[in-house]
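In what follows, a single structure is set out as structure tokens and then discussed.
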Amino acid sequence: MPKFEPRNSELSILTFREGLLSSIAHDLLLRPTRFWIDVRDDKSAVSVWVDAASIRVVCAMKDGVEAHHLLNARDKTKIEETIHKTVLETSRYPDIRFESTSISGNGPYTVAGTLKLHGFSQAATAIVLHADGKFAGEATVHQPDYGITPYSAMMGTLKVAPNVRIRVQIPEGPIA
Numbered sequence: 311m312p313k314f315e316p317r318n319s320e321l322s323i324l325t326f327r328e329g330l331l332s333s334i335a336h337d338l339l340l341r342p343t344r345f346w347i348d349v350r351d352d353k354s355a356v357s358v359w360v361d362a363a364s365i366r367v368v369c370a371m372k373d374g375v376e377a378h379h380l381l382n383a384r385d386k387t388k389i390e391e392t393i394h395k396t397v398l399e400t401s402r403y404p405d406i407r408f409e410s411t412s413i414s415g416n417g418p419y420t421v422a423g424t425l426k427l428h429g430f431s432q433a434a435t436a437i438v439l440h441a442d443g444k445f446a447g448e449a450t451v452h453q454p455d456y457g458i459t460p461y462s463a464m465m466g467t468l469k470v471a472p473n474v475r476i477r478v479q480i481p482e483g484p485i486a
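If you read the sequence shown in the numbering used here, its first letter stands for residue 311, the second for the next number, and so on.
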């Protein structure tokens with residue numbers, strides 16, 4: 311069973327701002343530093359584990375493009391503390407898991423399963439494409455479905471949208 315991890319694959323979390331004062335905030339690109347993705351050899355099942363406390367801010371996003379210059383180290387640390395302590399409560403809910411229950415299609419593929427996040431288990435679906443020697447998957451997670459209150463400040467005039475986007479890229483074929 312091929313096992314993918316940060317050294318040979320990528321798992322990204324994209325958050326989006328909304329609210330009256332959203333123009334002073336940033337969409338964010340987040341990545342965990344500890345995770346694994348197991349794919350059954352016949353590609354009939356997928357398991358994912360993420361260490362929620364390892365989620366880090368990579369950068370702000372501006373118009374869908376990485377904007378590394380918009381956040382300094384202090385900003386990133388403050389955002390990460392909020393994510394870990396307030397949003398995901400990682401001391402209480404350290405793991406994020408996904409177990410597929412079915413994989414269908416011939417490309418794009420639909421991967422259905424159960425996402426365990428923040429003490430809740432819900433059905434989740436990802437769409438996976440195969441191109442250029444990689445499998446690229448994307449799913450949307452609605453935070454309130456998992457008991458998560460999206461971050462909000464300034465009496466709700468600045469907040470994170472309830473939907474976050476999860477992206478995964480893994481190479482095709484065996485991994486050394």
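Heads up, the beta-carbon is just placed ideally off N, CA and C, and yes, glycines get one too. Everything numeric in this text was worked out from a predicted model, so none of it was measured.
- The continuous beta strand (DSSP E) containing Lys-372 extends over residues 365-372.
- The straight-line gap separating the alpha-carbon atoms of Gly-457 and His-379 is approximately 33 Å.
- Under DSSP, Val-360 forms a beta bridge with Phe-345, Ile-406.
- In this structure, Leu-324 lies away from Phe-345, with their beta-carbon atoms at least 9 Å apart.
- For Lys-444, the enclosing beta strand (DSSP E) has its first and last residue at 444-452.
- Exclusion of the five residues before and after Glu-315 leaves Trp-346 as the residues of its chain whose Cβ lies within less than 6 Å of its Cβ.
- 9 Å or more divides the Cβ of Ser-319 from the Cβ of Ser-357.
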